[in-house]
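The listed protein sequences correspond, in order, to chains A and B.
Using the numbering used here, the first residue of the first sequence is number 3, and each one after it goes up by one.
Using the numbering used here, the first residue of the second sequence is number 72, and each one after it goes up by one.
All C-beta atoms in this analysis are idealised placements derived from N, C-alpha and C, irrespective of residue type, glycine included.
Below is one structure; the comments refer to it alone.
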Amino acid sequence: MVRQLILILWALALVACSSSPVQTDLEQSNPAVQSLLNKAEAAEAAGQWQIALTYMDQARRIEPRNPYLLYRQAQAYAHSGQADIALQLVGRARILDQAKGTLQKELNLLEKQLRKAK
Amino acid sequence: MTKKTPSLRTPKRSKPNPPGRASKPALKPPSWWTRLVFLFFGLCCLLGVWLIYLDAQVTQAFDGKKWALPAKVYARPLTLYPSLKLSPEQLESELQWADYRFSSHADRVGTYAKNGSSWVIHRRSVPFWDGSESVRKIRLEIQNDRVVSLHDQEGEQALIRLEPQYIGGIFPTHNEDRDLIRLEDAPPVLVAALIITEDKRFFEHHGVSILGIIRAMKANIQAGRMVQGGSTITQQLVKNFFLTNERTLSRKIQEALMALLLELHYDKEAILEAYLNEVYLGQAGRRSIHGFGLAARFYFGKPLAELDHAEIATLVGLVKGASYYNPRRNPERSKARRDLVLSLMAEQKVITHEAKAQAQSEPLLTASPKRHGQREFPAFLELAKQQLQRDYRLEDLQSEGLRIYTTFDPWVQNSIEKAAEKHLNNLETWHPGLKDQLETAAVVTSVGGGEVRALLGSRNATYFGFNRALNARRQIGSLAKPAVYLSALRSGRYHWGSWLDDSPIEVPLANGDVWQPQNYNKESLGAVTMVDAFKLSLNQATAQMGMDVGVPRIAQEMERLGVQRRIPAYPSILLGSVDLTPLEVAHMYQSLSSEGFVMPLRTIDAVTKGTGETLSSYAIQGKQAYRPEDIEWLRYGLEQVAQSGTARSLSRTFSQTLAGKTGTSDQQRDAWFAGFDQRYLGVVWVGRDDNRPTPFTGSSAALPIWKEAFKRIGVESLSTPIGLEKLPVDDSGQVFESGCSGTLYPFPIDWDGQTIQSCQRSFSEVFKSWFGN
């Protein structure tokens with residue numbers, strides 16, 4: 003329970019601390035991706051993590067190599083207390099972000115927190 | 072001599088009264104009147120008990136869940152958005168598969184129009200996994216096979232989903248299927264037509280119509296045979312809902328009593344609604360079609376609300392005998408019945424005489440029962456059902472009316488089905504002796520998420536039988552080689568420019584036998600580079616290298632790539648004497664196509680209740696089992712196979728960079744190809760069910776199916792690998808710094824294999840490289 007709480011707080015802090023390169027990445031995304039992410043955020047706000055994950059998954063199908071989408075999925079998994087899956091997705095996002103490297107800071111933070119919570 | 076026996080008929084002596092008990096005067100037998108009264112009361116009691124029992128039966132069944140509703144399974148919805156790669160052919164096919172009809176202006180829901188590159192789709196309201204969306208009139212432009220603009224009545228849109236295609240159901244054992252409708256959703260004309268045709272006094276009687284029975288008896292006596300039934304709609308409902316088709320007096324009495332009880336407890340509207348959903352209206356293979364909701368889709372390919380008068384009358388006509396008046400099998404009979412119903416409708420002023428004349432002049436048109444919108448995809452359904460049963464009980468899937476939203480892509484499925492059918496026919500034309508002997512299976516998944524997009528379990532794609540994609544374990548032949556080469560590369564002792572020895576090899580086995588693999592063409596090439604050995608699929612060179620790397624290590628590699636069964640560490644596994652199903656092969660190659668991210672292959676996106684409430688939804692999961700650069704390094708070899716190796720015909724068909732591997736098992740019993748582009752991975756198997764040899768290889772039997780399918784699906788070039796650099800390698804296999812002369816091969820940037828030489832070498836080094844030590 004405490005572990006989940008720490009995870010959630012950290013994930014929220016990470017969302018709040020999203021840096022401008024991430025925003026820029028997202029702005030360059032297909033509007034369809036943004037539309038699905040809006041729906042995902044609404045689901046997150048309602049605490050429906052699994053539904054949020056599925057919306058993000060549909061966005062990922064439009065842009066399968068967009069690391070931000072995997073990063074957001076990792077966050078949603080973290081929120082829902084599935085730290086192991088979240089960690090794997092952080093790793094996957096890191097691979098997809100290799101070329102640009104715009105997400106490394108966020109990914110490091112999330113990974114650090116996930117490992118701490120474990 | 073017969074032995075005499077005492078007569079068995081000897082009357083027994085009456086017992087004497089016990090002492091001390093006075094003998095009573097004999098009781099006078101009850102009068103016939105008393106007996107009659109007792110009998111009457113007895114019968115009344117029995118009838119009362121029976122009525123109580125029937126009443127309990129009626130209320131219990133009618134108050135609770137009336138029907139076991141099968142889960143309905145849907146393909147993924149086609150999601151439209153600007154920049155989507157979409158050919159007009161695909162869009163039109165998918166619309167037709169979801170039962171949309173072409174019309175010049177698309178002014179009715181369920182229709183579409185096209186004018187040059189402009190399309191209008193009048194989409195129905197659709198229950199998606201995350202809620203229902205109302206009717207939308209969608210306008211889109213497709214140029215050069217891409218969506219360039221997307222609008223609906225509210226303006227420009229970022230994304231719009233089309234109606235997903237129905238792909239099958241998970242039925243209870245009786246295979247009843249129905250689309251439940253509410254009375255208020257049924258067209259009033261349908262309800263009126265039904266009542267005037269089946270039970271004109273429905274709103275006047277209490278379940279049984281004495282007048283109706285007398286009228287029917289009179290008609291039957293006059294005709295000398297059974298020509299008219301006297302059953303009311305309530306009785307028909309009772310018969311279908313509670314009773315069997317048995318024709319006996321007791322069953323008829325039971326039916327009448329239950330009809331009276333039903334009317335006692337429930338209003339006419341509830342009875343009518345149940346009738347609309349219960350009535351049997353046809354058969355579609357294993358599925359029996361019940362209710363007007365499903366019948367409308369089955370016979371006319373549209374929802375009930377979209378039916379015209381002629382179609383409504385045809386369905387109402389079916390109530391009298393779904394087989395006898397089947398519009399597809401008995402069109403003349405069905406049309407005569409339809410016209411009779413239309414006349415009754417006009418007589419009773421349900422429709423005008425002009426409307427009747429108009430409807431009667433229309434030909435009897437039905438949608439094809441073999442159309443996509445009604446066909447099922449058994450191979451995919453079987454896998455989906457297996458995966459659903461991890462979270463749901465089978466009985467719930469069969470009875471709760473769930474809606475299952477899957478990853479199935481009908482366009483990809485259609486492409487692989489068509490390609491398989493065409494190529495197997497070709498093979499049989501070239502080898503007539505193999506007529507009807509060849510079988511196939513195929514799996515297509517998305518590279519990014521491991522979603523299963525298509526599954527072919529048999530040459531006959533609609534066959535509900537042995538599903539080869541899931542259950543046929545066959546030797547994978549050279550499809551095992553990527554695991555061998557991956558192990559070699561990761562060992563640090565080999566790179567693509569290393570020299571291998573393609574000469575005969577003998578490996579003594581524990582049982583005393585000797586393993587002596589040979590190349591496909593029985594020739595030996597001697598010294599070959601590792602990349603040539605891979606792309607030409609040389610067995611001897613692979614076996615030599617694999618033995619050097621170590622068989623147990625390679626067995627572990629296969630398991631690490633996602634094979635979920637223990638691989639025995641026999642030398643022959645180096646050349647693929649491993650039995651796997653096409654789905655298992657797909658799982659292994661999925662890891663190769665996704666930079667070593669091992670993912671479960673997934674068929675389900677979401678599950679909702681029939682009411683629309685989301686029960687569960689799913690998303691990507693996986694495990695990074697490899698450094699991505701190691702898998703990208705291997706991918707170079709797979710690209711060479713497609714570029715200039717055993718699958719080089721791909722490079723003649725496609726200009727994009729693709730990766731793949733052919734496979735042929737011992738004595739050519741199995742022909743395989745596994746290949747991927749940036750979006751999809753496809754695995755194809757061709758062989759015989761009796762496991763006898765064929766004259767084919769992976770290149771000649773499986774690869775052409777993949778190629779033909781992907782021509783229709785469309786390919787996207789593989790992205791440039793990250794984390795690799797090209798380094799020169801000289802003729803001796805020595806790696807040099809970038810900029811030196813030599814043949815360029817890719818290496819992981821942080822490769823820590825042999826020492827990388829600088830361009831300037833000492834005299835002794837040059838001497839050694841020329842003349843050896």
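Member of the options whose CA lies at the smallest distance from the CA of residue i
i                : options                                   : result
Leu166 (chain B) : B:Arg750, B:Gly617 and B:Arg442           : B:Arg442
Pro141 (chain B) : B:Asp248, B:Asn215, B:His176 and B:Pro198 : B:Asp248
Arg96 (chain A)  : A:Ala85, A:Tyr70 and A:Ile87              : A:Tyr70
Arg637 (chain B) : B:Gln627, B:Ala540 and B:Pro799           : B:Gln627
Gly300 (chain B) : B:Arg318, B:Phe312 and B:Val219           : B:Arg318
Ala543 (chain B) : B:Asn762, B:Leu110, B:Val786 and B:Lys310 : B:Asn762
Gly83 (chain A)  : A:Arg67, A:Ala119, A:Leu105 and A:Thr56   : A:Ala119
Gln77 (chain A)  : A:Leu91, A:Ile64 and A:Asn68              : A:Leu91
Asp619 (chain B) : B:Lys310, B:Ser812, B:Leu789 and B:Ile576 : B:Ile576
Ala554 (chain B) : B:Tyr697, B:Arg524 and B:Gly181           : B:Tyr697
Gly716 (chain B) : B:Phe109, B:Ile238, B:Gly810 and B:Thr733 : B:Thr733
Gly813 (chain B) : B:Pro819, B:Asp821 and B:Asp802           : B:Asp802
Val800 (chain B) : B:Ser321, B:Gln825 and B:Lys373           : B:Gln825
Asp338 (chain B) : B:Glu403, B:Ser196, B:Trp756 and B:Glu275 : B:Glu275
Gly135 (chain B) : B:Glu471, B:Cys830 and B:Asp760           : B:Glu471
Thr850 (chain B) : B:Arg399, B:Phe199 and B:Ser558           : Summary: the structure shown does not reach residue 850 (chain B), with chain B confined to residues 72 through 844, and so no result is reported for it.
Ser829 (chain B) : B:Trp822, B:Leu798 and B:Asp823           : B:Leu798
Tyr556 (chain B) : B:Arg624, B:Lys506, B:Lys593 and B:Asp410 : B:Arg624
Leu505 (chain B) : B:Leu495, B:Glu796, B:Ala512 and B:Val514 : B:Leu495
Per-residue contacts from residue i into chain B (C-beta, under 9 Å)
i               : result
Gly93 (chain A) : Phe668, Lys694 and Gln695
Gln90 (chain A) : Phe668, Gln692, Gly693, Lys694 and Gln695
Arg62 (chain A) : Gly519, Gly520, Ala690 and Ile691
Gln75 (chain A) : Ala690 and Ile691
Beta carbon of residue i nearer than 8 Å to that of residue j
i                : j                : result
Ser710 (chain B) : Ala730 (chain B) : Rather than Ser, the amino acid found at residue 710 (chain B) in this sequence is Glu. Yes. Within cutoff.
Glu488 (chain B) : Leu454 (chain B) : no
Ala718 (chain B) : Gly753 (chain B) : no
Phe767 (chain B) : Leu498 (chain B) : yes
Gly548 (chain B) : Asp741 (chain B) : yes
Leu89 (chain A)  : Leu109 (chain A) : no
Asn590 (chain B) : Leu609 (chain B) : yes
Tyr152 (chain B) : Asn40 (chain A)  : no
Val412 (chain B) : Ala366 (chain B) : no
Met601 (chain B) : Gly568 (chain B) : yes
Glu703 (chain B) : Glu666 (chain B) : yes
Pro588 (chain B) : Ala614 (chain B) : yes
Chain A contact residues for residue i, given Cβ-Cβ distances below 9 Å
i                : result
Asp201 (chain B) : Lys41, Ala45, Ile53, Thr56 and Tyr57
Cross-chain neighbours of residue i in chain B, by beta carbon under 7 Å
i               : result
Ala34 (chain A) : Tyr152, Ala229 and Leu230
Pro69 (chain A) : Neighbours of Pro69 (chain A) on chain B: none; closest Cβ ~12 Å, over 7 Å.
Within chain B, partners of residue i - CB distance below 8 Å
i                : result
Leu38 (chain A)  : Leu230
Ala101 (chain A) : Ile793
Residues in the segment 222-239 of chain B with C-beta within 7 Å of chain A's C-beta atoms, listed in sequence order?
-> Cβ contacts with chain A: Ala229 and Leu230.
What residues in the segment 666-699 of chain B bring their beta carbon closer than 8 Å to a beta carbon of chain A?
-> Glu666, Phe668, Asp676, Ala677, Thr685, Ser687, Ser688, Tyr689, Ala690, Ile691, Gln692, Gly693, Lys694, Gln695 and Pro699
Return the residues of the segment 760-785 of chain B that lie within a Cβ-Cβ distance of less than 7 Å from chain A, sorted by chain order.
-> none
Mind checking the segment 152-183 of chain B against chain A and listing, in chain order, the residues whose C-beta falls within less than 9 Å of any C-beta there?
-> Per Cβ criterion, the list reads Tyr152, Pro153, Ser154 and Leu155.
When you check each C-beta in the segment 791-814 of chain B against every C-beta of chain A, which residues fall closer than 8 Å?
-> Within the segment 791-814 of chain B, Ile793 and Gly794 place their CB atoms closer than 8 Å to a CB of chain A, listed in sequence order.
With 9 Å as the C-beta to C-beta threshold (strictly closer), list the residues of the segment 498-530 of chain B near chain A in chain order.
-> Ser517, Val518, Gly519, Gly520 and Glu522
Could you give the uninterrupted runs of the alpha helix (DSSP H) lying entirely in the segment 482-544 of chain B, keeping only those of 4 residues or more?
-> With a minimum length of 4 residues, the continuous alpha helix (DSSP H) runs that stay inside the segment 482-544 of chain B are 539-542.
Beta strand (DSSP E) segments (min. 3 residues) lying fully within the segment 628-680 of chain B = 675-679
Which ranges does the alpha helix (DSSP H) cover as unbroken runs of at least 4 residues, wholly within the segment 58-103 of chain A, from first to last along the chain?
-> 69-81 and 85-98
In chain order, which alpha helix (DSSP H) runs of at least 4 residues are fully inside the segment 714-754 of chain B?
-> 720-724
Enumerate, from N- to C-terminal direction, the unbroken alpha helix (DSSP H) stretches of 4 or more residues contained entirely within the segment 268-331 of chain B.
-> 281-294 and 304-313
If you scan the segment 212-246 of chain B from start to end, which runs of the alpha helix (DSSP H) of 4 or more residues do you find wholly inside it?
-> none
Any alpha helix (DSSP H) of 4 or more consecutive residues that is wholly inside the segment 138-216 of chain B = Listed in chain order, they are 159-168.
Which runs of the alpha helix (DSSP H), 4 residues or longer, sit entirely within the segment 414-443 of chain B?
-> 424-432
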